[in-house]
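Each residue of the sequence shown is one higher than the last, beginning at 713 in the working numbering. Here is the structure we will look at, set down as structure tokens.
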Amino acid sequence: LAASRSVSLYFLLSTAVHVCAMQLHQVRSKYWSDLVGLHEELMHLTAQLNPGERGTAPAKSKHARLKIFLEHVRKAMKALQVIPEKSELLEEKAVDHLEEHITSVLLPIKIRLESLRDAMAVETLSLANIGGDMADLGGDKLKDEGTDLLGEGRDSPDSVDSLYKMEDGFGDADLTTSSEAIGYSLDDMTPDTDLSAGLPLCEVLEDLDDKSHERPPPDAPSAKRQRVGNGADEEPVVIKCAEQPSAAADSMGKDSKAKEESKNVPFNLLPREVKYQCAECNEPYSVTFNYNPWWALRLEECPHCNKRQVPRLDISHPTNQIDYHPALSAVAEAMSLSQANDGKDNEINTDTESDLNDEFSLSPDKSSKLLILICHARTCPGKHRSKRHAEVCKSIKYLMLHIRDCSGRLPDGQSCPFEWCRPCKKLLSHLVKCFEPNTCAICNPFNLPRSMEQLMTLNRLREQVTASTAS
């Protein structure tokens, strides 16, 4: 009887061990690869965020928390390697608890790390190709994400500093969604972007291929050719600044009735003083200008360092305050000028085949490139490694602000003196009204330079990340 009981007990124990072994094997085959990946990620972070002996107490605390996470992963991996036949303590409940620990504690960390890595990889790729300062990006955004991962509040001033330092990320070998994933290297983006070198709008918008425009005389200081690309096959950027505002206004024609009625406009239309700051030497200086200083930034010579630059403008300075467009519209309505302007405004927004035949025209090739730049600038924070790219991005942002606020008329009834204003408004009108965007050479260009194709690809990637984040 005793022998029979021993055999029965041994049989039951063997069956239980076999069941536990099968269950453990299933758990191991299901989660082992995830645990290995999480272990590698945490190993990398632990080494990367090691504060050393001189680290602050909060930094050391966060590093210790990372090591605790790493130890949890190692214990789980070790438990999955237990040989059931040699384990006398293995129970079915223990396997269940182990699986619950993996699914409820460890895998959420892995999912969080992967989501952060994918989002940051795309954003790093986007900003790096247009010259973004990756270190600045990583420091701000992932501080908050890192504190969530480590279970600390967002208000902590010493949150994990750049959980993935963008300069290194997870290491070049770890990032599968890197530049190679779309077929080019981040460092390959040279200044052959067919963009002007940090310049006012008139220089950014100069035609890249059509040489039929009449050029200003060579001795004019604003008529300069600036070559952006360093390749011999690419067409240099030919830059033609706008005429002086007074000459441009005269050449565009005037509405005599509007001018006559506008004499009573209660605005100071006389030359006004504007405070600028040199972009090269950072010295402040004053200029006299007749127009909205927010719209009139241009390449000019600094009186201190004598370098040509696009000055910085402090919009909070009392001298630089402007009369906003809604106020101007109210005055125009009060003086019955709106009716006189309706025809001109409608003409500006009319999209016809003659849109590209103006004196300052936008060819389809140039229009498509400008749309790509606008698509980039509308979401770009303005941080670029290349000063040239940063200035182009800033110029496009000013263009967008101008065409958003400008009605096509000055307060005195004259037409907007900036020759690029009307064509850019028509370009946006075409973008809205185009009936065949898939085959349109402007909305969907096919023959773009490699640099513009890269930028368009990055715009799409950024839109995908934004859409996925919003959803």
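Cβ atoms here follow ideal geometry from the backbone N, Cα and C, with glycine treated the same way. In this text, all values refer to a predicted model and were calculated from it rather than measured experimentally.
### Message
With a threshold of 7 angstroms on Cβ separation, who are the neighbours of tyrosine 743 within its own chain once the five nearest residues in sequence on each side are excluded?
### Response
Around tyrosine 743, the same chain offers Ile814 as residues with beta carbons nearer than 7 angstroms, after the five sequence neighbours per side are excluded.
### Query
Are three or more beta carbon pairs between the region 1168-1177 and the region 1114-1129 nearer than 8 angstroms?
With a cut-off of 8 angstroms, the region 1114-1129 and the region 1168-1177 do not count as touching, because too few Cβ pairs lie within range.
### Message
With H, G and I counted as helix, E and B as strand and the rest as coil, what does DSSP make of valine 1022?
### Response
Valine 1022: coil per DSSP, three-state reduction.
### Query
Out of Cys1017, Cys1118 and Gly1125, which has the shortest C-alpha to C-alpha gap to leucine 1137?
Note on identity: in this sequence residue 1137 is lysine, with leucine being the wrong assignment. The candidate whose alpha carbon is nearest that of lysine 1137 is Cys1118.
#### Entry: alanine 788 versus lysine 1078: straight-line alpha-carbon distance, rounded
C-alpha separation (whole angstroms): 59 angstroms.
### Message
When you compare the CB positions of histidine 784 and valine 748, do they come within less than 8 angstroms of one another, or not?
### Response
Against a cut-off of 8 angstroms, the Cβ pair of valine 748 and histidine 784 comes out as no contact.
### Residue(s) in a DSSP beta bridge with proline 996
DSSP lists Gln989 as partners of proline 996.
### Task
Please report how far the alpha carbon of glutamine 760 lies from the alpha carbon of aspartate 746, in whole angstroms.
Those two C-alpha atoms are separated by around 21 angstroms.
### Query
In whole angstroms, what separates the C-alpha of glutamine 1166 from that of cysteine 1087?
Each residue's CA atom was taken as its position, placing glutamine 1166 and cysteine 1087 some 13 angstroms apart.
### Task
Using DSSP bridges, identify the partner residues of phenylalanine 1001.
Phenylalanine 1001 has Arg984 as its beta-bridge partners, per DSSP.
### Task
May I have the straight-line CA-CA distance separating glutamate 992 from alanine 1153, to the nearest angstrom?
When rounded, the separation of the alpha-carbon atoms in glutamate 992 and alanine 1153 is 39 angstroms.
### Helix, strand or coil at glycine 1079 [DSSP, three-state]
The residue you asked about is not glycine; residue 1079 is serine in the sequence shown. Here DSSP, grouped into helix, strand and coil, assigns serine 1079 to helix.
### Query
With distances taken between CB atoms, is the gap from leucine 754 to leucine 792 smaller than 8 angstroms?
Against a cut-off of 8 angstroms, the Cβ pair of leucine 792 and leucine 754 comes out as no contact.
### Message
So for aspartate 1070, helix, strand or coil by DSSP?
### Response
Residue placement at aspartate 1070 is poorly supported in this model, since its pLDDT is 45, which falls under 50; the coordinates still yield a value, given next. Reduced to three states, the DSSP call for aspartate 1070 is coil.
### Query
Which class does glutamate 1131 belong to by DSSP, given the choice of helix, strand or coil?
Correct three-state label for glutamate 1131: coil.
### Query
How far does the alpha helix (DSSP H) with proline 770 in it reach, from first residue to last?
First-last of the alpha helix (DSSP H) with proline 770: 769-792.
### Query
What span of residues does the alpha helix (DSSP H) with cysteine 1105 cover, start to end?
Looking at the DSSP string, the run of the alpha helix (DSSP H) that includes cysteine 1105 is 1099-1117.
### Task
Compute the distance between the beta-carbons of threonine 758 and histidine 737, then report whether it is under 8 angstroms.
Cβ atoms of threonine 758 and histidine 737: not closer than 8 angstroms.
### Message
Could you compute how far the alpha carbon of asparagine 1018 sits from the alpha carbon of threonine 1000?
### Response
Whole-angstrom Cα-Cα distance: 18 angstroms.
### Message
Once the 5 residues before and after glycine 767 are set aside, which same chain residues still bring their CB inside 8 angstroms of it?
### Response
Same-chain partners within the cutoff: His775.
### Proximity to leucine 1083 [Cα-Cα], best of Glu1012, Lys1109, His1096 and Gly1094
The option with the nearest alpha carbon to leucine 1083 is Lys1109.
### Message
Distance check for methionine 1168 and leucine 1140, CA to CA, integer angstroms please.
### Response
Leucine 1140 and methionine 1168: Cα-Cα distance of roughly 18 angstroms.
### Query
Looking at C-alpha atoms only, which residue of Arg786, Val807, Gly764 and His751 is the closest neighbour of alanine 733?
Nearest Cα to alanine 733 within the set Arg786, Val807, Gly764 and His751: Val807.
### Query
Does the beta-carbon of asparagine 1171 have 16 or more other beta-carbons within 10 angstroms, so that it is buried, or is it exposed?
When all chains shown are included, asparagine 1171 counts as buried.
### Query
Sorted by chain position, which residues of the same chain lie with C-beta nearer than 6 angstroms to threonine 1181's C-beta, five sequence neighbours on each side aside?
The answer is none, since no qualifying residue turns up.
### Task
Determine, using beta carbons only, whether threonine 1031 and glutamate 995 come nearer to each other than 8 angstroms.
For threonine 1031 and glutamate 995, no; Cβs fall outside 8 angstroms.
### Query
Using the rule of at least 16 other Cβ atoms within 10 Å of the residue's Cβ for burial, across every protein chain shown, is lysine 1099 buried or exposed?
When all chains shown are included, lysine 1099 counts as exposed.
### Task
Take the Cβ of arginine 1024 as the centre, count every other Cβ of all protein chains shown within 10 Å, and call the residue buried at 16 or more, exposed below.
The residue in question, arginine 1024, is exposed, as its Cβ has fewer than 16 Cβ neighbours within 10 Å.
### Task
To the nearest angstrom, report how far apart tryptophan 1132 and leucine 1074 are at their CA atoms.
When rounded, the distance between both Cα atoms is 9 angstroms.
### Query
Bridge partners of arginine 1121, per DSSP?
DSSP, once it has assigned bridges, lists Ser1127 as partnering arginine 1121.
### Residue nearest to valine 1022 in terms of C-alpha spacing, selected from Lys1081, Phe781 and Glu1103
Nearest of Lys1081, Phe781 and Glu1103 to valine 1022, Cα basis: Glu1103.
### Message
Restricting to Cα atoms, I'd like to know which of Lys987, Phe1130 and Asn1156 is closest to histidine 1188.
### Response
With the chain covering 713 to 1183 only, the question about residue 1188 has no answer from this structure.
### Query
Using the C-alpha atoms, what's the distance from leucine 828 back to cysteine 990?
The alpha-carbon atoms of cysteine 990 and leucine 828 are separated by roughly 39 angstroms.
### Task
Find the nearest neighbour of methionine 1164 within the set Ala769, Ser1080 and Leu1011, judged by alpha-carbon distance.
Checking every option, the nearest Cα to that of methionine 1164 belongs to Ser1080.
### Message
Going by beta-carbon coordinates alone, are tyrosine 697 and histidine 1016 separated by less than 8 angstroms?
### Response
One cannot answer for residue 697 here, as it falls past the ends of the chain, which runs 713 to 1183.
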